[in-house]
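**Q**
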Amino acid sequence: MFRSVLMIEKALTSADVEFVTTLHGDEPVFFHVLLQPRGDQADRLLRAIDDVALGELDEAAREGETPEGEEARGFGERALAVSLQALRASGSEADGRLIEDHPLDALKSLVDEVRADEVIVLTDPHYVEEFFHRDWASRARHKVGVPVLKLFSHSKA
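Residue numbers for the sequence shown follow the working numbering, beginning at -4 and rising by one.
#1: Going by DSSP, which residues form a beta bridge with D90?
#2: Using 10 angstroms around the beta-carbon of D90, count the other beta-carbons present and answer buried if the total reaches 16, otherwise exposed.
#3: Between the alpha carbons of V77 and H137, how many angstroms are there, rounded?
#4: From E88 to E95, what does the alpha carbon distance come to, in whole angstroms?
#5: Whole angstroms is fine: what's the gap from L1's alpha carbon to L105's?
#6: Please list, in chain order, all residues of the same chain as A101 whose beta carbon is under 7 Å from its beta carbon, the five residues on each side excluded.
#7: Would A81 pass as a contact of V24 if the rule is Cβ separation under 8 Å?
#8: So is S9 buried or exposed if we call it buried at 16+ other beta carbons inside 10 Å?
#9: For A55, which of helix, strand or coil comes out of DSSP?
#10: Compare the C-alpha of G69 against each of V15, R92, A84 and F(-3) and name the closest.
#11: Report the residue from E72, D112, S148 and F(-3) whose alpha carbon sits nearest the alpha carbon of D21.
#12: What's the C-alpha gap between A6 and V109?
#13: Helix or strand or just coil, what does DSSP make of E113?
#14: Can you check DSSP and say which residues form a bridge with K145?
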């Protein structure tokens, strides 16, 4: 069975699930999901700049409302449960865990633990981080020792 570590920052949408579960054709895939809620990933200024770059001015104005800390944990637990349920409903096997600190260290540990064949990083665009190659996928390529595929979420969760 093909083992894929799927790193996300919010609940998977149905379009996201269809996208990742069809990447390998008919080959069965076990997804090991890591979720770090968006509120813990980057500071508000970077998120607001990303929103402005995407033309989402209303989102930029609401960045202060993004859950952080303990609020983000509850959001993350719900998003992870929804994502795992959707992957399993599509016929894939899946397990998952929340990342609270050091996402790339958690990613490297999980890749080694499950002997993953690949990493898929599925997030909204983060233009500032991507420009400076500080996004998860760019940094993971130098750390995990398996292919890293970077995908953008298809729609809002």
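Idealized CB from N, CA, C, for every residue including glycine.
**A** Short version:
#1: H27
#2: exposed
#3: 30 Å
#4: 24 Å
#5: 10 Å
#6: L29 and I94
#7: no
#8: exposed
#9: Low confidence applies to A55: its pLDDT is 48, below 50, so where it sits in the model is not reliable, and the reading given next is rough at best. Reduced to three states, the DSSP call for A55 is helix.
#10: R92
#11: F(-3)
#12: 22 Å
#13: strand
#14: V116
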